[in-house]
Every structure is written in C-alpha cells, then in structure tokens.
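Okay, structure first, notes after.
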Amino acid sequence: MQLLISEYGYEGYGVYWAILETLSENLNGGQTTKLTLPLKSWKNSAISDKKWMKIARFLSEKNKISVEISEKLVTVTCDKLLKFRDEYNRKIDKKSGQYPDNV
Numbered sequence: 223m224q225l226l227i228s229e230y231g232y233e234g235y236g237v238y239w240a241i242l243e244t245l246s247e248n249l250n251g252g253q254t255t256k257l258t259l260p261l262k263s264w265k266n267s268a269i270s271d272k273k274w275m276k277i278a279r280f281l282s283e284k285n286k287i288s289v290e291i292s293e294k295l296v297t298v299t300c301d302k303l304l305k306f307r308d309e310y311n312r313k314i315d316k317k318s319g320q321y322p323d324n325v
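With the working numbering as the guide, the letters of the sequence shown map in order to residues 223 to 325.
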C-alpha cells in the first residue's frame, strides 16, 4: 500500500478501496470476485478515465487485483476478497455462537 500511496497519493488508495467495495457489493454469496462493468461504473467523476486505468494497472502489476480492460468494459478480479469474507463470517459465527456445520 505504501507504494500505491507514494505513486498516486491517497487518490490511488481511494481508488483501490472503491474497487474492493464495488466487488464486495456484487459478491452476493458467490464464489467468484470477477466483475465486468463499464468503466464509468467503476469510478466516480472526480477522477479521469486515464488516471483510473493507470492506478488499476498499477494495482494489477502489484498483484492486488487483476484487471482486464477492453474497449468499453473493465473486468476486475480480487480473489483475496473471498478469503477476507470467509474470515469475517467465521468471526461473526463465533461471536453469535453459531458455528458452521461439520462436513
């Protein structure tokens, strides 16, 4: 994250978290974090398309996310989100006293 912040400032950091939030909102209990949307749906109007794509490519190069950019669509994948979701769910289950069924 320090490389991201030193390269793009907190704007880059914000882009990263906005990407993760967009992916999280679309998980819907599924087992994939791959999401394809138009570029405009990934970003807000405060950042240019060109800058967003530079930051997304930087994040991809650093293995934070995987990005595929086509003419009109952007596909982002972050499999680490599944790990974080599973860890979060385990903590929730532990606090509520509900444990996953034994397999």
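Glycine included, every Cβ here is placed at the ideal spot set by N, Cα and C. On a predicted model such as this, the values are computed, not experimentally measured, just so you know.
| Check | Outcome |
| --- | --- |
| Using the rule of at least 16 other Cβ atoms within 10 Å of the residue's Cβ for burial, across every protein chain shown, is Gly280 buried or exposed? | Checking the displayed sequence, the identity of residue 280 turns out to be Phe instead of Gly. Phe280 is buried by the Cβ-count criterion. |
| Using DSSP bridges, identify the partner residues of Ile291. | Val296 |
| How many angstroms separate the CA atom of Lys286 from the CA atom of Leu245? | 13 angstroms |
| Identify every residue that forms a DSSP beta bridge with Thr258. | Thr297 |
| Taking all protein chains shown into account, do 16 or more other C-beta atoms lie within 10 angstroms of the C-beta of Trp264, making it buried, or fewer, making it exposed? | buried |
| Over the uninterrupted alpha helix (DSSP H) stretch that includes Gly361, give me the two end residues. | Any question about residue 361 goes unanswered here, given that the chain covers just 223 to 325. |
| Which residues in the same chain have their Cβ closer than 6 angstroms to the Cβ of Thr258, if we skip the five residues on either side of it in sequence? | Leu295, Thr297 |
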